[in-house]
Amino acid sequence: MLVTLIRRYSKPYMPYIFAVIAFQLASTIAALYLPSLNAQIIDEGVSRGDIDFIWRTGGIMLVVAFIQVGTAIAGVYFGSKAAMAVGRDLRRGVFRKVTSFSAKDVNTFGAPTLITRGTNDVQQVQMLVLMGLNFMVSTPIMCIGGIIMALREDINLSWLVWVSVPVLIVVVGYLVVRLMPLFRSMQKKIDRINEVLREQIIGIRVVRAFVREPYETERFGEANKELTDVSLKIGALFVLMFPAIGMILHLSTAAVLWFGGQRVDSGDMQVGALTAFLQYLLQILVAVMMGTFMAMMIPRASVCADRIGEVLDVEPSIHDPAHPETPAALEGVVEYRNVTFAYPGAEAPVLSNISFTARPGETLAIIGSTGAGKSSLLSLLPRLYDVAEGEVLLDGVSVSKMDRAEITRRVALVPQRPYLFSGTIEHNLRFGKTEATEEELWEALHVAQGEGFVREKKNGLASRIAQGGTNVSGGQRQRLCIARALVTKPKVYLFDDSFSALDVATDARLRAALKRTTADATVIIVAQRISTITDADQILVLDNGRIVDRGTHDELLETSPTYQEIVESQLSVEEVA
Ligand code: DCP
Ligand code: MG
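-19 is the number of the first residue of the sequence shown in the working numbering; add one for each residue after it.
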C-alpha cells in the first residue's frame, strides 16, 4: 500500500523528484571529492612547501565546497516541495473521500479515526517521502563512493571499513528492532489519550453534572501513564543509541589513526591520505546510520499508509447514479411507497411498509413515541440512507435515481440535533445558499423568530459562532438552523422536532410566520407537542416503525386510541403545570 500510495501521489511531482536526484547526485559527488583534495594539499602542497599549489587546490576546494552546499540546499528545497505537495494531495484525497461518505460509512470507521487518518497518518507518510527524497539518493552513493574513495587512498587499511560498518549496522539495527514495536504501541497509546480527552471535553457538562471528575481524572491518568511508560522505554533505548554510535565512530577514528599512523611512520602512506581515509570512513558510517534511521521509518509509515488506503478504497455506499434522472416538475411532491428500512447491521427494520404522499401547500405531521422511527423516516428523503424496500419519490422520480444536488435543491432538512459550524452567524445562514443577499438572511431570521437576538448582538450577523454552536442557547441554535433552511427556499421542508427547545409562545409565533412563507411548499413536521400539529392537513401516527393511524387532528381524536393517549398524556401534564 505504501508503495502504491506514494507512487500514485508523487506522479505529478516527477520533475521535482528528478531535480532532487540530480542535485543530490552533484552534492554527494562534491562531498566525496573534498577529502581527496584536502589530501592533495597536505601531501603535495604542505609537505613540499609548494604555496602556489596550496592556493590553487585550495581555490578548487572552495569552489567544490560551494557547489556542494548549493546543490544540497537546492536538493532539500525541491525535496521538501515535493514531499509537502504529496502530503497535501493525500490529505485532500482523504478529505474528499470522507465528504463523499454516507452516514453509514462514517459510522463504520468512527469520526476520531477518520480525523487521525487524515492528519497524523498522512503526516507520517509525508515525513517518509521527505526523508526518502533527502537520503535515498545520497546514502547509497555516499556508502559505495566512500568505500571506493577510501580504498583508493589506501587499500591496506580497508579492513577497518569491513569491520566498523557491520558493527555499526548490527548495533543500530538491534536498537531499531527493539524500538519498532514500542513505536507502534506508542501510536496506539496516543490514540487512546485522544479518545479519552475528546470524550471528556465534549461531555464536560455531563461530567460536571454527575460529579464524575475524579473518575474521569483517573481514566485519563491511566491512559497518560501508559503513554509515559512506553515513552520511557523508548527514551531508555535512545539513551543507549547515541553513545553507542558515538563510541563506534570514535573507536573507528582511533583505529584509523593507530594503524594508519604506523603506516605513515614506515613511509607506506602519506599524512594527507590518512586524513582523507578517516574522513571517508566517517562519511560512510554517517550514511549507514542515516540509512538505518530511514529503514526505521518505513514500517511505521507503512502502517499509516494502510490506514489511509482503507479510507481511500471505500466505495461510498450512497453515490450519485451514473445517469441521473431529473424530474420534469419542480414542485415538491413527496411520496413514500411501501418503504421498509433497516440500519446497517440491525436485525429488525426500523420502518416497515410506510406509504404516504405530501403535496405542496400541505403540512404533514408525524407523531409517535421516542424511538418510533420518525427521524429515520425523514432521513430517507435527502438520501442520508437508502431504503431497503419500496421507493421514496420526489416529484415523481425515485430519489435513488436523482443527483443528490438535485435533491438538496428541493429539500431542506432541519435536523433534530441542531448543528452550527464555527464561523459567523452569516456564514452559517448562507450554508445552503452562498449567494443569498443580506436581506434574505434577515427575512429568514425574522420568520424563524431569531431576528431579535441577532440584532441584540453587538456584531449582528457577523457574531462568532463557536464550533458546534455551543455559544448560543439551545433554542437560539434551533432558530438559526431553521433560518438556515429557510434561506435556501426549498420546495420541501423537513422539520425534525425543530420546535422542541422553544417556549410555547415563540413556538406559536414561529409557526404562524412559517405558515406564510411556506404556503406553497410541502412541509413535513415531526413533533412531540400536539399543539404544534393540530392544524396539520394530515397527521401520521407512527408506532414501532409502522403507521398505525392517519388523519386530521379531529379525525384522530375520534378514531385513534394511540393518538388519544398522547393527547391525554400531554393535557394532564399541562394541567399539572
Ligand atoms: N437507530 C439506529 N441507528 C441510528 C439511528 C437510530 O439503530 N443511526 C435506531 C434507534 C431507534 C430506531 O432506530 O430504535 C428509531 O430511531 P429514530 O431516531 O428514527 O427515532 P425517533 O426519531 O422516532 O425518536 P425520537 O423521538 O427520540 O427522536
Ligand atoms: Mg428523532
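Ideal Cβ placement from N, Cα and C applies to all residues, glycine included.
Determine which residues share a DSSP beta bridge with residue i and list them.
{"i": "residue 337", "result": "315"}
{"i": "residue 348", "result": "522"}
{"i": "residue 378", "result": "373"}
{"i": "residue 474", "result": "393 and 504"}
{"i": "residue 321", "result": "331"}
{"i": "residue 529", "result": "521"}
{"i": "residue 343", "result": "503"}
Beta-carbon of residue i versus every beta-carbon of chain D: anything under 8 Å?
{"i": "residue 238", "result": "Judged by its chain identifiers, the structure shown contains no chain D, having just a single protein chain."}
For residue i, is the beta carbon positioned less than 7 Å from some heavy atom of the ligand DCP?
{"i": "residue 350", "result": "yes"}
{"i": "residue 330", "result": "yes"}
{"i": "residue 323", "result": "yes"}
{"i": "residue 326", "result": "yes"}
Is it true that the CB of residue j sits closer than 8 Å to the CB of residue i?
{"i": "residue 329", "j": "residue 525", "result": "yes"}
{"i": "residue 404", "j": "residue 445", "result": "yes"}
{"i": "residue 117", "j": "residue 262", "result": "no"}
{"i": "residue 286", "j": "residue -19", "result": "yes"}
{"i": "residue 467", "j": "residue 421", "result": "yes"}
{"i": "residue 18", "j": "residue 252", "result": "yes"}
{"i": "residue 523", "j": "residue 352", "result": "yes"}
{"i": "residue 156", "j": "residue 276", "result": "yes"}
{"i": "residue 45", "j": "residue 14", "result": "yes"}
{"i": "residue 383", "j": "residue 470", "result": "no"}
{"i": "residue 472", "j": "residue 497", "result": "no"}
{"i": "residue 354", "j": "residue 506", "result": "yes"}
{"i": "residue 344", "j": "residue 518", "result": "yes"}
{"i": "residue 347", "j": "residue 484", "result": "no"}
{"i": "residue 542", "j": "residue 529", "result": "yes"}
Comparing the CB of residue i with every heavy atom of the ligand MG, is any distance shorter than 7 Å?
{"i": "residue 575", "result": "Absent from the structure is residue 575, since the part of the chain shown begins at -19 and ends at 557."}
{"i": "residue 380", "result": "no"}
{"i": "residue 355", "result": "yes"}
{"i": "residue 477", "result": "yes"}
Can you tell me which of the three DSSP states residue i falls into?
{"i": "residue -15", "result": "helix"}
{"i": "residue 252", "result": "helix"}
{"i": "residue 558", "result": "A question about residue 558 goes unanswered here, because the residues of the chain that appear run from -19 up to 557."}
{"i": "residue 491", "result": "helix"}
{"i": "residue 78", "result": "helix"}
{"i": "residue 445", "result": "strand"}
{"i": "residue 556", "result": "Residue placement at residue 556 cannot be trusted, given a pLDDT of 49 that sits under 50; the coordinates are not used to answer."}
{"i": "residue 59", "result": "helix"}
{"i": "residue 289", "result": "helix"}
{"i": "residue 403", "result": "strand"}
{"i": "residue 272", "result": "helix"}
{"i": "residue 542", "result": "helix"}
{"i": "residue 426", "result": "helix"}
{"i": "residue 116", "result": "coil"}
{"i": "residue 417", "result": "coil"}
{"i": "residue 368", "result": "coil"}
{"i": "residue 452", "result": "coil"}
{"i": "residue 27", "result": "coil"}
{"i": "residue 183", "result": "coil"}
{"i": "residue 363", "result": "coil"}
{"i": "residue 47", "result": "helix"}
{"i": "residue 353", "result": "coil"}
{"i": "residue -9", "result": "helix"}
{"i": "residue 295", "result": "coil"}
Problem - Contact the stretch 435 to 451 vs the stretch 463 to 479: 3+ CB pairs below 8 Å - result: The stretch 435 to 451 is not in contact with the stretch 463 to 479.
Problem - Inter-stretch contact (C-beta, 8 Å, three-pair minimum) for the stretch 104 to 113 and the stretch 255 to 265 - result: At 8 Å Cβ cutoff, the stretches do not touch.
Problem - Cβ contact check for the stretch 320 to 336 and the stretch 124 to 135: 3 or more pairs under 8 Å - result: Judged by Cβ distances under 8 Å, the stretch 320 to 336 makes no contact with the stretch 124 to 135, as fewer than three pairs qualify.
Handout entry: Cβ contact check for the stretch 424 to 436 and the stretch 355 to 367: 3 or more pairs under 8 Å
Key = Not touching, per the Cβ criterion.
Exercise for the section: Could you tell me whether the stretch 138 to 147 touches the stretch 76 to 93, where touching means 3 or more Cβ pairs closer than 8 Å? Expected result: The stretch 138 to 147 is not in contact with the stretch 76 to 93.
Practice task
Would you check if there are 3 or more beta carbon pairs closer than 8 Å linking the stretch 207 to 216 to the stretch 236 to 251?
Solution key: Per the Cβ contact rule, the stretch 207 to 216 is not in contact with the stretch 236 to 251 (fewer than 3 Cβ pairs under 8 Å).
Problem - Contact between the stretch 368 to 385 and the stretch 303 to 314 (3+ Cβ pairs under 8 Å) - result: Under the three-pair Cβ rule at 8 Å, the stretch 368 to 385 counts as touching the stretch 303 to 314.
Exercise for the section: Decide yes or no for the touch test of the stretch 141 to 155 against the stretch 30 to 41: beta carbon pairs closer than 8 Å, at least 3 of them. Expected result: At 8 Å Cβ cutoff, the stretches do not touch.
Handout entry: Stretch-stretch touch, CB-based, cutoff 8 Å, three pairs: the stretch 163 to 179 with the stretch 294 to 301
Key = Short answer: they don't touch.
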